[in-house]
Each structure stands twice: as structure tokens, then as C-alpha cells.
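Residue numbers (the numbering used here): 260 to 401. We put the CB at the ideal spot given by N, CA and C, even for glycine. Heads up: the structure comes next, in C-alpha cells.
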Amino acid sequence: MTGPDAPRFDTKIVVLLSDGLAAWQELNVTAFLVSGVATSAPDLVGEPYRDADGARYLPMLRQPVVVMTADRELLRTARDRAEARGVDTAVYTRELFATGHDAANRAAVSAVATADLDLVGIAVRGPRNAVDRIAKGARLHD
260 MTGPDAPRFD
270 TKIVVLLSDG
280 LAAWQELNVT
290 AFLVSGVATS
300 APDLVGEPYR
310 DADGARYLPM
320 LRQPVVVMTA
330 DRELLRTARD
340 RAEARGVDTA
350 VYTRELFATG
360 HDAANRAAVS
370 AVATADLDLV
380 GIAVRGPRNA
390 VDRIAKGARL
400 HD
């Protein structure tokens with residue numbers, strides 16, 4: 260819903276993707292990062308969906324997700340800004356394209372110092388103004 264009747268949320272969800280990823284990588288990174296956001300607070304997910312015949316579908320996030328792109332330096336800066344503002348962040352590093360399960364993903368991230376993470380995407384959810392400042396300089400994904 261858009262327009263004057265659309266709800267305005269106190270929080271904002273933004274996914275920042277690295278420039279130059281292949282389409283399958285953008286989709287994969289976005290899906291993983293949004294799953295981190297979705298599990299971060301119980302009020303983020305709405306009720307299950309039902310169609311007119313009564314078939315049930317899984318619930319989804321209650322609010323929109325903005326997908327943006329940034330270069331590698333801005334991804335690092337955005338991660339640092341999020342940390343400085345106390346905004347929880349989901350990260351996806353280049354190494355995760357080569358892993359096959361959650362334990363391997365966590366091991367790949369934990370093996371690298373924060374400053375050395377090869378970020379290809381991050382997701383943040385927080386107060387609107389804080390998230391806008393975190394994503395400053397990124398552009399809407401086209």
C-alpha cells in the first residue's frame with residue numbers, strides 16, 4: 260500500500276549490496292541478509308497469508324525492505340556507522356559463496372577480523388533516521 264493510508268514504520272530495513280555482483284549473487288545475498296533481519300525481533304513478521312480458497316502461505320516481513328548498492332568502501336563505512344549507532348547488522352562476505360551450510364558460514368566470518376571482512380552485502384534494521392545515516396551515499400538498486 261502506498262499513499263496517505265500506508266502505515267509509516269518507526270524502523271527501516273535496508274539491504275546494501277556490493278557493486279558488480281552477478282544477479283544470482285545479489286538475490287542470494289539479499290535472501291540470506293533478510294533472513295537475519297526477519298529473525299532479529301518477533302514483531303517483524305506478520306500473520307500467515309491465505310488466499311480466497313483458504314490455502315495457507317508463510318508469513319512475511321510486515322514492512323518494506325529497501326535494496327541499495329554501494330562500493331566496497333561504502334559497505335565498510337556503513338557497517339562501521341551501524342556499529343557506532345548500536346544498530347544490529349547482518350553481514351555476507353565473499354567467502355560465503357563457497358560455503359554450503361550455516362556452521363561453515365559462521366566459521367568463515369569468525370576467521371576474519373572486522374576490518375578485513377570482504378563484505379559483499381549488509382542489512383540493517385533500526386530507527387529510520389539512523390538507518391538513513393548508515394546508508395548515506397548508497398543508491399537504490401535498479
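Query, Result
"E306 classed as buried or exposed, judged by whether at least 16 other C-beta atoms fall within 10 angstroms", "exposed"
"P386 (DSSP reduced to helix, strand or coil)", "strand"
"From K395, V390, A397, A394, residue whose alpha carbon lies closest to that of F268", "V390"
"Element boundaries [beta strand (DSSP E), containing L276]", "270 to 277"
"Secondary structure of T298, DSSP reduced to three states", "coil"
"Cβ pair S277, L334 closer than 8 Å", "yes"
"Residues of its chain near V325, where Cβ-Cβ distance is below 6 Å and the 5 sequence neighbours each way are ignored", "V273"
"Contact set for I393: own chain, Cβ-Cβ below 8 Å, skip 5 residues either direction", "V273, A337, R340, A341, R344, V346, V383, G385"
"Per-residue DSSP class, three states only, for R373", "Sequence inspection shows Thr at residue 373; the Arg mentioned does not correspond to that position. Of the three classes helix, strand and coil, the one that applies to T373 here is helix, per DSSP."
"Where V293 sits in the DSSP three-state scheme", "helix"
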